[in-house]
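Take a look at the structure set out below.
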Amino acid sequence: MSIANKLARAELVEMVPYQSARRLFASGDAAQANNKTWLNANEAPGKGEYQVSSQNINRYPDFQPDSLLNAYSHYCGLERTQILATRGADEGIELIIRSFCRAYQDSILICPPTYGMYAISAENHGASVVTVPLIDNILDLEGLQHQVGKVKVVFLCSPGNPTGNLLPKEQIIKAIELFKDSAIVVIDEAYIEFSPEQTKTALLKEYDNVIVLRTLSKAFALAGLRCGFTLANTDIITLLSKVIAPYPISAPVAEIASQTLNTGIQQMTQRVRECNKIKTSISIWLSEQSLV
Ligand SMILES: *Cc1c(COP(=O)(O)O)cnc(C)c1O
């Protein structure tokens, strides 16, 4: 049995996800453009006097819009089957907790200081939160070892929010190996565009208990769009796909996000360069201030 199914809430393994007309009969942008009517979807007519926009917005969107998945697959170098587009990385966090933690029984592990939503999502779902604080901005591997077998999901954030630093690669691998039979290790890469060569997506091939989180909210400057990506092996993506809403990505979101991924990479890297330059000058300025 895959580690995904072994660690999942048991009822999800056999569960059949909501069978929308989109999932059953058609997917892809071509289907969006065609004129088929699905009586069971209860969509309003969108032609002629009923047309509200040129975008076929009277139709339900694909569960995972083709154009968006293709664009992110090209950007991150993974297969489409290893990608789940979500309403921000925050939804990825929530789906992971809901998929692997039984309410009032299971726990997640966080390494504070870290991103606040891991604990909030866990508490909302009735999962407990075990903390193993960072020591001098790096992992306390001994502390993590004590929690093996006691937690279902481990959240690591690299580059870290709020620390701003990367976790050493050897430490991340050590953590993944410690938990390889008993927990999913999530590497939150919300800020990876600020040091893209440090991405840990290559670990997805070597370890099946790893998930990488991404977002368009930070370096891509699209926080208002609500678009993130969960990267993992196909077993994990299949599981999370049962828990997510049937139409998580609205058509305008898919359109703006794929356009940005197809034509806006250079603008994004330019933005990152400018942010890094400003960071350096602020850090020099701060170090010259007597009160710092
Ligand atoms: C901002 C942030 C997120 C959430 O991003 P959204 O895609 O906007 O939900 C997740 N993790 C970290 C570390 C963040 O800083």
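Following this note's numbering, the residues of the sequence shown are numbered contiguously, the last one being 534. Backbone N, C-alpha and C fix where the C-beta goes; we use that ideal spot for every residue, glycine too.
Taking just the CA atoms, how far does residue j sit from residue i?
i    : j    : result
N451 : G385 : 20 Å
V393 : E497 : 38 Å
I183 : P354 : The first residue shown for the chain is 243 and the last is 534, placing residue 183 beyond what the model contains.
K289 : K278 : 12 Å
W527 : G406 : 18 Å
G466 : L266 : 31 Å
F436 : E285 : 42 Å
T502 : K460 : 13 Å
I426 : G330 : 20 Å
F305 : I486 : 10 Å
S341 : I524 : 42 Å
D423 : Q297 : 46 Å
I434 : Q440 : 7 Å
N475 : L249 : 14 Å
C343 : P303 : 29 Å
P287 : A327 : 28 Å
Y346 : H367 : 8 Å
F462 : C469 : 10 Å
T522 : R515 : 11 Å
G358 : T457 : 16 Å
F397 : E333 : 14 Å
A361 : E291 : 49 Å
S532 : I377 : 27 Å
T511 : Q293 : 38 Å
Q324 : P307 : 14 Å
What residues in its chain sit with their C-beta under 8 Å from that of residue i, if we drop five residues either side in the sequence?
i    : result
I507 : Y317
A272 : Model confidence at A272 stands at a pLDDT of 49, short of 50, so the residue's coordinates are unreliable and nothing is read from them.
N247 : V255, D477 and L481
P259 : R265, S483, K484 and P488
N282 : A263
Q413 : I380, L381 and L383
N518 : F436
L320 : T443, L446 and L473
Do you know whose CA, among the options, lies nearest residue i's CA?
i    : options                   : result
L445 : A487, L473 and F436       : L473
M257 : A313, K484 and Q389       : K484
L311 : V514, A283, F471 and K519 : F471
N379 : A283, S500, P401 and N518 : P401
H388 : F397, C517 and V374       : V374
S309 : L408, I520, I299 and R322 : R322
A493 : Q512, I520 and R301       : R301
I491 : W280, R251 and I299       : I299
I479 : I429, L337 and V495       : L337
D430 : I453, P438, K411 and E448 : I453
Which residues in the same chain as residue i place their Cβ atom closer than 6 Å to its Cβ, once the five residues preceding and following it in sequence are excluded?
i    : result
A364 : I339, I350 and V371
N504 : A313
T356 : C399
R251 : R344
Identify, in the order they occur along the chain, each residue of the same chain with its Cβ nearer than 7 Å to the Cβ of residue i, setting aside the five sequence neighbours on each side.
i    : result
K390 : First, the residue type needs correcting, since residue 390 is Val and not Lys in the sequence shown. Result list for V390: L420, F421 and S424, in chain order.
K416 : L383
I245 : D450 and N451
P404 : P355
Any alpha helix (DSSP H) of 4 or more consecutive residues that is wholly inside the region 414 to 470
445 to 448
Identify every run of the beta strand (DSSP E) within the region 323 to 393, keeping only runs that are complete inside it and at least 3 residues long; order them along the chain.
325 to 328, 349 to 352 and 370 to 373
List in chain order: all unbroken beta strand (DSSP E) runs of 3+ residues lying wholly within the region 470 to 502.
You should have 470 to 474.
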